[in-house]
Amino acid sequence: MPVVIGFEGSANKIGVGIIRDGEVLSNPRRTYITPPGQGFLPGETAKHHRGVILTVLQEALDEAGLKAADIDCVAYTKGPGMGAPLVTVAIVARTVAQLWGKPLLGVNHCIGHIEMGRLITNAQNPTVLYVSGGNTQVIAYSERRYRIFGETIDIAVGNCLDRLARVIKISNDPSPGYNIEQMAKKGNKYIELPYTVKGMDVSFSGILSYIEETLFAMLVEITERAMAHCGSQEVLIVGGVGCNLRLQEMMGVMCKERGARLFATDERFCIDNGVMIAQAGWEMFRSGHVTELSDSWITQR
Amino acid sequence: MAACKTENGSERKLEFFLKVPFPSEREATIALQSLSPDPEPRKGGITKNLDLSGQTLSVRWTADEARILRVSVSSFLDHLSLVMETMDAFGPPVSQ
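Quick mapping for you: the protein sequence lines, in order, are chains A and B. Residue numbering for the first sequence follows UniProt numbering, starting at 1 and increasing by one per position. Residue numbering for the second sequence follows UniProt numbering, starting at 1 and increasing by one per position.
Quick look at the structure:
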């Protein structure tokens with residue numbers, strides 16, 4: 001059974017994961033967290049990843065109880081994502097692949113999320129809602145390819161939430177979205193207009209609840225439309241925003257009304273991680289694809 | 001610093017050379033293959049060429065402006081360090 005190691009670092013998370021025959025052997029990860037009010041920029045993010053990637057790689061091997069010689073293929077995120085961090089991770093993946101004499105597998109980040117979601121939940125042929133800081137798409141598998149049925153026409157939903165967190169200076173630790181969710185839980189008033197002023201005071205949890213409800217209702221609508229189009233009875237949510245329990249709850253209500261099943265994973269696999277790249281790499285490898293070094297360039301799109 | 005003009009008025013680009021010796025030809029090749037696939041982030045105003053000669057990796061840049069050159073060389077040196085650290089931690093290369 002091939003043992004695949006996967007490297008992921010397309011945004012502010014750097015993860016290295018090892019998988020063997022659908023069993024996760026290790027999946028350590030580090031997150032580059034910026035102070036409240038600041039987003040993460042490519043150069044600083046790449047610098048963060050450079051500083052920790054070899055440590056995380058060693059951790060992945062140690063936790064799995066494996067030596068380098070036990071690895072059969074090296075998967076890494078070819079794209080999409082931020083250029084500088086992608087290059088940093090690709091360079092290490094290429095180097096170890098050559099040092100160890102093993103084939104290289106350039107993986108699409110979005111497919112990594114989907115394949116991991118499928119593996120963990122055992123969903124057979126779901127309509128996929130992929131929602132994260134960098135992506136918002138409704139995806140279904142049709143005629144041998146994953147196809148995008150709907151997507152954001154401007155920014156990703158996670159990006160919207162992250163920018164909101166930045167404006168009102170919510171902490172980025174462990175992630176802005178998580179902190180928005182915790183604060184929104186305390187809101188119990190759905191307000192039509194996001195303008196909440198009480199005398200000299202302001203209230204923000206109402207705005208956050210409003211934002212969440214509206215954004216998530218939009219996502220539920222397009223997912224439902226894709227399901228109707230494909231005649232699908234399964235929904236799989238992947239990507240960092242998929243951790244949000246309110247989104248899962250709202251999607252669950254829609255699924256129940258349609259007699260469909262909802263699948264989601266926890267933060268280990270929703271949030272960017274190395275083993276999802278290893279899993280997608282394994283799927284590539286077993287269908288006979290490898291990535292030649294000269295074709296292993298990263299791509300932001 | 002803008003590109004210099006020679007006496008006959010043609011623009012001369014800035015050039016930068018780097019030579020990096022490796023313990024073996026194999027390791028120099030690994031470094032080359034790890035560092036060459038990605039395109040320069042900035043499309044215009046800079047070229048970068050990597051070459052191998054025995055155990056030595058050589059890199060040659062030409063650029064229109066010092067600022068662009070500095071960024072590219074600086075990035076490359078960061079990436080080169082990363083390759084070398086990776087080789088130190090996870091090498092030597094297995095026998096082929």
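The beta-carbon is built from N, C-alpha and C at its ideal position, and this holds for glycine as well. Bear in mind the structure is a predicted one, so any value in this text is a computation, not a measurement.
- At least one beta carbon of chain A lies nearer than 9 Å to the beta carbon of SER36 of chain B.
- With at least 16 other beta carbons inside 10 angstroms of its own, MET116 of chain A counts as buried.
- The C-beta of PHE17 of chain B has fewer than 16 other C-beta atoms within 10 Å across all chains shown, which makes the residue exposed.
- Each residue's CA atom was taken as its position, placing PRO85 of chain A and GLY79 of chain A some 10 Å apart.
- Under the Cβ criterion of 9 Å, THR77 of chain A is not counted among the residues facing chain B.
- In the three-state DSSP reduction, LEU247 of chain A falls in the helix class (H, G or I).
- In this structure, A:CYS243 is the residue among A:LEU164, A:CYS243, A:GLU23, A:GLU8 with its C-alpha nearest to the C-alpha of LEU129 of chain A.
- As a beta-bridge residue in DSSP terms, THR77 of chain A pairs with A:VAL107.
- Closest in C-alpha terms to VAL74 of chain A, from the list A:HIS289, A:GLY288, A:ALA278, A:SER294, comes A:ALA278.
- Contact annotation: the region 229 to 240 of chain A touches the region 255 to 262 of chain A, with at least three C-beta pairs closer than 8 Å.
- In the three-state reduction of the DSSP assignment, GLN137 of chain A falls in the strand class.
- The residues GLY79, in chain order, have a CB closer than 6 Å to that of THR299 of chain A in the same chain once the five nearest residues on each side in sequence are set aside.
- Runs of the beta strand (DSSP E) lying entirely within the region 48 to 75 of chain B, each at least 3 residues long, are 56 to 63 in chain order.
- The contact set of GLY9 of chain A on chain B, defined by CB atoms closer than 7 Å, is empty, because the minimum CB distance reaches about 12 Å.
- Taking a C-beta cut-off of 9 Å against chain B, none of the residues of the region 268 to 288 of chain A qualify.
- Contact of SER296 of chain A with chain B is assigned, a C-beta pair being separated by under 9 Å.
- Partner residues in the beta bridge of GLU234 of chain A, as assigned by DSSP, are A:ARG261.
- With the criterion set as a beta carbon lying under 7 Å from some beta carbon of chain B, the members of the region 39 to 57 of chain A are ARG50, LEU54, in sequence order.
- In this structure, the beta-carbon distance from LEU57 of chain A to VAL16 of chain A falls below 9 Å.
- Between the region 88 to 101 of chain A and the region 287 to 298 of chain A there are three or more C-beta pairs closer than 8 Å, enough to call the two in contact.
- Within the same chain, SER26 come within 6 Å of GLU63 of chain A by CB-CB distance, once the 5 residues on both sides are set aside.
- Distance from the CA of GLY281 of chain A to the CA of ILE14 of chain A, rounded to the nearest whole angstrom, comes to 17 Å.
- Counting along the chain, no beta strand (DSSP E) covers PRO23 of chain B, and no H or E run does either.
- If you look at VAL52 of chain A, you'll find it in the alpha helix (DSSP H) that goes 42 to 64.
- Residues of chain A whose Cβ lies closer than 7 Å to the Cβ of ILE30 of chain B are, in chain order, THR95, GLN98, LEU99.
- Interface annotation, ILE91 of chain A: in contact with chain B, CB-CB separation under 9 Å.
- Contact of GLY83 of chain A with chain B by beta-carbon distance below 9 Å involves ASP38, PRO41.
- If you draw a 10 Å sphere on the C-beta of GLY54 of chain B, you find fewer than 16 other C-beta atoms in it, and that means exposed.
- The straight-line gap separating the alpha-carbon atoms of ASN135 of chain A and LEU14 of chain B is approximately 40 Å.
- Here LEU61 of chain A is near ILE18 of chain A, since their CB atoms are less than 9 Å apart.
- Around the CB of SER74 of chain B, fewer than 16 other CB atoms lie within 10 Å, so the residue is classed as exposed.
- Excluding the 5 residues flanking it on each side, PRO28 of chain A has same chain C-beta neighbours closer than 6 Å at VAL56, GLU59, ALA60, in chain order.
- Using a Cβ-Cβ cut-off of 7 Å, GLN33 of chain B is close to ARG94, GLN98, LEU293 of chain A, given in chain order.
- Cβ-Cβ separation between ILE5 of chain A and ILE71 of chain A: approximately 5 Å, consistent with a contact (criterion under 8 Å).
- Proximity to ASN125 of chain A across A:ARG163, A:GLN137, A:TYR141 peaks at A:TYR141, based on C-alpha coordinates.
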